[in-house]
Amino acid sequence: MTYVIGETCIDVKDKSCVEVCPVDCIIGDDEDRMLFIDPEECIDCGACVDPCPVDAIYAEEDLPVEWQEYTAINKEYFHDRDAARSKVAVKVAIPVEPA
Ligand code: SF4
Ligand code: SF4
52 MTYVIGETCI
62 DVKDKSCVEV
72 CPVDCIIGDD
82 EDRMLFIDPE
92 ECIDCGACVD
102 PCPVDAIYAE
112 EDLPVEWQEY
122 TAINKEYFHD
132 RDAARSKVAV
142 KVAIPVEPA
């Protein structure tokens, strides 16, 4: 099992999750539109879920149906960044209402 970052992170990317991850497995470069969780490093602690302002992070088995592809996209990023980026590049960011 792992945690997965989904669509609402796109173009938000505030990195609140990065600050709390105990194993530094949430990664993204400046050119990325979102961040990604390395499924081989994630220890399933769940610490990143609550700090996310846009509810982008879910345990893999709880991921919303419409975001199922993000399990593979998060994983792919750590093997083939360009392939993962190209899948994210076509996404339209979801407008987020201010809290
Ligand atoms: S569940 Fe824990 S280990 Fe996995 S990405 Fe979130 S904070 Fe990091
Ligand atoms: S806290 Fe949420 S929106 Fe911010 S970078 Fe992490 S997953 Fe993306």
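Just so we're aligned: the sequence shown equals residues 52 to 150 in this note's numbering.
Note that CB positions come from ideal geometry on N, CA and C, so glycine has one too.
If you're wondering where the values come from, they're calculated on a predicted model, not measured in any experiment.
Following a CB-centred definition, is C60 positioned closer than 7 Å to any heavy atom of ligand 1?
Working through the sequence shown from its first residue, we reach residue 60 at position 9. Taking 7 Å as the cut-off, one finds no heavy atom of ligand 1 near enough to the beta carbon of C60.
Heavy atom of ligand 2 within 7 Å of I78 beta-carbon:
Stepping through the sequence shown from its first residue, residue 78 is reached at position 27. Shortest gap from the CB of I78 to any heavy atom of ligand 2: 7 Å or more.
Determine the contact status of P102 and N125, defining contact as a CB-CB distance below 8 Å.
Taking the first residue of the sequence shown as position 1, residue 102 is located at position 51. Taking the first residue of the sequence shown as position 1, residue 125 is located at position 74. P102 is not a Cβ neighbour of N125, given a cutoff of 8 Å.
Does the stretch 126-134 touch the stretch 109-118, meaning 3 or more C-beta pairs lie closer than 8 Å?
The count of Cβ pairs closer than 8 Å, one atom from the stretch 109-118 and one from the stretch 126-134, stays below three, leaving the stretches out of contact.
Residues in its own chain within less than 7 Å of G79 by CB, not counting five upstream and five downstream?
Within the sequence shown, residue 79 is the residue found at index 28, counting from 1. Within the same chain, G79 has close Cβ partners K64, M85, L86 and F87.
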